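>
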Amino acid sequence: MPRATVGDTSLTRSYIPKVSQTPGIAPSIAHFYKPIEDRCIHEGRVVDQLYYTSDHIDRCFSNIRLNCLYKINEPIVPHFVLDFYSQVTLQRDAFRVILISFMIQNEFITLSLQQFGQILIIPFDGQAIFTNEWDLGSLAYSEEPEGPYHTDLPTPEEIHQFLQFQRIDPNRTIKNKTVILSPNQVLTKELRKDLKRWNELIYENVIGLGGHRDHLPACLAHILYFILAEQQYNLAYFFVKRIESARATTKAHLPYGDYDEDDGASRASTPSPTTYLNSLKPLDYQQYEVPTSS
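For the sequence shown, the UniProt record's numbering assigns the number 1 to the initial residue and increments by one for each residue that follows.
Written out as structure tokens, the structure reads:
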């Protein structure tokens, strides 16, 4: 079990400075910061070596470069986090390439998805999908029909067979009412033993520490499928789409933050904006041009 270094996620609110309350700040500037300042930061959990070397995690995750999920340990810079989330936007260029725009220390930056992935040292190609839904059928509604992020999705039936889900009980109690689950709604307890550990690591370091942990989100089932199939998963796409979703949801946690923990373990999450700033110099962000490879 990954060891939590922050027992209460709500404590991360203390990391966020109240910029909107700065004396003399222009109302137009305060407008960007105020909706973000009371959010929590999704930090992920510390993952020790004993955990990620069990149940074939290290070997299988490394095969498709998802070992980045448990090998990152960067200090958090609260003001940079606030700067990033207060104004981050996603756009598309003429070739449908995703562009991530944000401002840090009064510098306006635009990155392509590939540049974003390169800076964070996470996979930026392969299977690309994002949904907040539970039902596996929702994956098809989130699929990009064309362009650089088009994905040939497995069917819900293929995911079921490949991950070997075992329906234990078709009924589930929600708010004191018995609900009959559809075949495409998978409970966490229906995962086989090794995948439960994979699910735990990915959930806590990609999706969040909170939420309803008794069921398997469709996106997480999709990630598990491609780890087992040893096919590349576009983690950068998932990250930026989740950032966009969190930005548009007033009470969602801010993904992703980091904390420096010098205890020999790693906190799995994206690098802090310190890493951004150290990596930006080789590129021209004011005059973005689509790389020929795109």
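C-beta: ideal position from N, C-alpha, C; glycine also.
Predicted model only: the values in this text are computed from it and were never measured.
Measuring straight from C-alpha to C-alpha, what distance separates E146 and F95?
By 1-based counting over the sequence shown, the position of residue 146 is 146. By 1-based counting over the sequence shown, the position of residue 95 is 95. Rounded to the nearest angstrom, the two C-alpha atoms are 10 Å apart.
> Skipping 5 residues on each side, what residues in its chain have a beta carbon closer than 7 Å to that of I243?
Start at 1 with the first residue of the sequence shown, and residue 243 comes out as number 243. Cβ within range, chain order: V88 and P255.
> State the DSSP-derived secondary structure class of F226, mapped to helix, strand or coil.
Here residue 226 is taken as the residue at index 226 of the sequence shown, counted from 1. In the structure shown, F226 sits in a helix (DSSP, three-state: H, G or I).
> Can you tell which of R247, I202 and T249 has its C-alpha closest to the C-alpha of V47?
Against the sequence shown, residue 47 aligns to sequence position 47. It is I202.
> As a quick exercise: from N67, L69, L82 and K189, pick the residue whose alpha carbon is nearest that of N106.
On the sequence shown, residue 106 is found 106 positions in, with the first residue counted as 1. Among N67, L69, L82 and K189, the Cα nearest to that of N106 belongs to L82.
> Can you tell me where the alpha helix (DSSP H) with V240 in it begins and where it stops?
Position 240 of the sequence shown holds residue 240. It spans L235 to A248 - the alpha helix (DSSP H) in which V240 sits, taken as one unbroken run.
> Which stretch, first to last residue, makes up the alpha helix (DSSP H) that contains R197?
Working through the sequence shown from its first residue, we reach residue 197 at position 197. Here the alpha helix (DSSP H) through R197 covers K193 to I202.
> In the DSSP assignment, find the unbroken alpha helix (DSSP H) run with S62 in it and report its ends.
To locate residue 62, count along the sequence shown from 1; it is residue 62. Start and end: I57 to N63.
> With C-beta atoms as the reference, is Q127 less than 8 Å away from Q231?
On the sequence shown, position 127 is the one that residue 127 refers to. On the sequence shown, position 231 is the one that residue 231 refers to. Going by C-beta atoms, Q127 is nearer than 8 Å to Q231.
> Report, in whole angstroms, the separation of the C-beta atoms of R45 and E204, which I expect to be a contact under 8 Å.
Working through the sequence shown from its first residue, we reach residue 45 at position 45. Working through the sequence shown from its first residue, we reach residue 204 at position 204. R45 to E204, Cβ: 5 Å. Contact.
> Jot down the residue ranges of each uninterrupted beta strand (DSSP E) in the segment 134–198, minimum 3 residues, whole runs only, in chain order.
Those beta strand (DSSP E) runs which fall completely within the segment 134–198 and span 3+ residues are 171–174 and 177–180.
> Buried or exposed, going by whether 16 or more other CB atoms sit within 10 Å of the CB of Y85?
Working through the sequence shown from its first residue, we reach residue 85 at position 85. Flag for Y85 reads buried.
> Straight-line CA distance for Y237 to S28?
Along the sequence shown, one-based indexing puts residue 237 at 237. Along the sequence shown, one-based indexing puts residue 28 at 28. Going from the Cα of Y237 to the Cα of S28 covers about 31 Å.
> Starting from the C-beta of H42, find all residues in its chain whose C-beta is less than 6 Å away, skip the five residues before and the five after it, and write them out in chain order.
In the sequence shown, counting from the first residue as 1, residue 42 sits at position 42. G208, H253, P255 and Y256, listed in sequence order.
> In the structure shown, what three-state DSSP assignment does S54 receive?
Against the sequence shown, residue 54 aligns to sequence position 54. Residue state, collapsed to three classes: coil.
> By the DSSP assignment, the beta strand (DSSP E) with L90 in it spans what residues?
As a first step, residue 90 must be located in the sequence shown, where it is residue number 90. T89 to R92 is the span of the beta strand (DSSP E), which, as asked, contains L90.
> In whole angstroms, what is the alpha-carbon distance linking V240 and T12?
Reading the sequence shown from its first residue, position 240 is the one you call residue 240. Reading the sequence shown from its first residue, position 12 is the one you call residue 12. Going from the Cα of V240 to the Cα of T12 covers about 21 Å.
> Which residues mark the beginning and the end of the alpha helix (DSSP H) in which I120 is found?
As a position in the sequence shown, residue 120 is number 120, starting the count at 1. For clarity, residue 120 is Leu in the given sequence; the question names Ile instead. From DSSP, the alpha helix (DSSP H) with L120 extends over L113 to L120.
> How many Å lie between L50 and P217 at the Cα?
Stepping through the sequence shown from its first residue, residue 50 is reached at position 50. Stepping through the sequence shown from its first residue, residue 217 is reached at position 217. Spanning the two alpha carbons is a distance of roughly 26 Å.
> In the DSSP assignment, find the beta strand (DSSP E) that holds F102 and state where it starts and stops.
Stepping through the sequence shown from its first residue, residue 102 is reached at position 102. Residues I98 to I104.
> Quick test of the definition: if touching needs 3 or more C-beta pairs under 8 Å, does the segment 49–66 touch the segment 219–235?
Output reads yes: the segment 219–235 touches the segment 49–66.
> Could you tell me the distance, in whole angstroms, from the CA atom of R192 to the CA atom of W198?
The count along the sequence shown starts at 1 and reaches residue 192 at position 192. The count along the sequence shown starts at 1 and reaches residue 198 at position 198. Straight-line Cα distance between these residues: approximately 10 Å.
> Which residues does DSSP pair with T110 in a beta bridge?
The count along the sequence shown starts at 1 and reaches residue 110 at position 110. In the DSSP output, where bridge partners are listed per residue, T110 has S101.
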